[in-house]
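In our numbering, the protein residues as written are 17 to 306.
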């Protein structure tokens, strides 16, 4: 099974950033030299497109009998990476909101233990590849435990974290705002409002994503899946789970929840599972390496 990245998302997202960068650089230089600014603003996205398209031309992913093989390169070099099946520790497929809506693709992170590459990324692929990857690795049994985050706790902690961020931002901008003239002060106040709104939206997005997660324990793996804005399906293979731990902040104790931490491949990677109700006993159901 050989898979190429989606060309629209692989090339389009990358080039869009460089169009914006080229425009910003070009406008800045245009204050001193209009012709040079226009030329640089045009050349940057063209070079970015040529470079990224060459990457796309050489990039391919294959699920072989021996493992996950990645081919990639540019004008200057070529790389072949093979991660054996028995070295794969986690598979995490994430779909950022805009990429999912516009292209139906995402990023698949494959972590490994004891190989030259501790992590490889299968970029801008649809759900078929990570599904086939999980089918190769997992037994397909029923979950022994299926729980959701404690919603009141997730909301309360999200609001608390959001408020602390907002207070911090307001404090950072408060002193400069007091020392500016009226005209400049208006700009500073506008910057404060924009920063506060963006922070509030970020906190709200995280709360919505957190309460939409599902945690599942199987005989051969742990799965974390769900999300609204950033969808994910994270698989941790039991053969490489070495340690588990739980901790509680003061607020966690008040809300009667805990944060579970799962260590994979000798502690090289830790995955956090927040807002788990204590009575669920999530830690006890996590399979471990034998």
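Don't be surprised by glycine CBs; every beta carbon is placed ideally from N, CA and C.
Item                                                                                                                                                                                             : Value
What would DSSP say about residue 89, mapped onto helix, strand or coil?                                                                                                                         : strand
Using C-beta distances below 7 Å, list every residue in its chain close to residue 89, excluding the 5 sequence neighbours before and after it, in chain order.                                  : 74, 95
Can you confirm whether residue 221, when its beta carbon is compared against all beta carbons of chain D, has any partner nearer than 9 Å?                                                      : No chain D appears in the structure shown, which is made up of a single protein chain.
For the alpha helix (DSSP H) containing residue 275, list its first residue and its last residue.                                                                                                : Taken as a continuous stretch (DSSP letters only), residue 275 belongs to no alpha helix (DSSP H), being part of the beta strand (DSSP E) at 273-280.
Under a Cβ-count criterion, where at least 16 other Cβ atoms within 10 Å of its own Cβ denotes burial, should residue 128 be classed as buried or exposed?                                       : buried
For the beta strand (DSSP E) that residue 127 lies in, which residues bound it at each end?                                                                                                      : 122-128
What does a CB cutoff of less than 6 Å around residue 84 pick up in its chain, not counting 5 residues either side in sequence?                                                                  : 99, 126
Tell me, please, whether the region 246-263 touches the region 295-304 by the rule of three or more beta-carbon pairs shorter than 8 Å.                                                          : yes
Below 8 Å, how does it come out for the region 239-255 and the region 216-228: are there three or more Cβ pairs, yes or no?                                                                      : yes
Taking contact to mean 3 or more Cβ pairs, one atom from each stretch, closer than 8 Å, check whether the region 57-75 and the region 32-43 are in contact.                                      : yes
Does residue 111 come out as helix, strand or coil in the three-state DSSP assignment?                                                                                                           : strand
Identify, in the order they occur along the chain, each residue of the same chain with its Cβ nearer than 6 Å to the Cβ of residue 309, setting aside the five sequence neighbours on each side. : The first residue shown for the chain is 17 and the last is 306, placing residue 309 beyond what the model contains.
Helix, strand or coil: which one does DSSP assign to residue 244?                                                                                                                                : coil
Which residue spans inside the region 36-98 form an unbroken beta strand (DSSP E) run of at least 3?                                                                                             : 76-79, 83-89
Can you list, in chain order, the residues of its chain whose CB lies under 6 Å from that of residue 146, leaving out five sequence neighbours each side?                                        : 109, 124
Take residue 174 and list the residues in its own chain whose beta-carbon comes closer than 7 Å to its own, dropping the five residues that flank it on each side.                               : 219, 222, 223, 226
Determine the extent of the alpha helix (DSSP H) in which residue 301 is found, giving its start and end residues.                                                                               : 298-301
Ignore the nearest five residues each way along the sequence and tell me which others in residue 286's own chain have a CB closer than 8 Å to its CB.                                            : 277, 278, 279, 280
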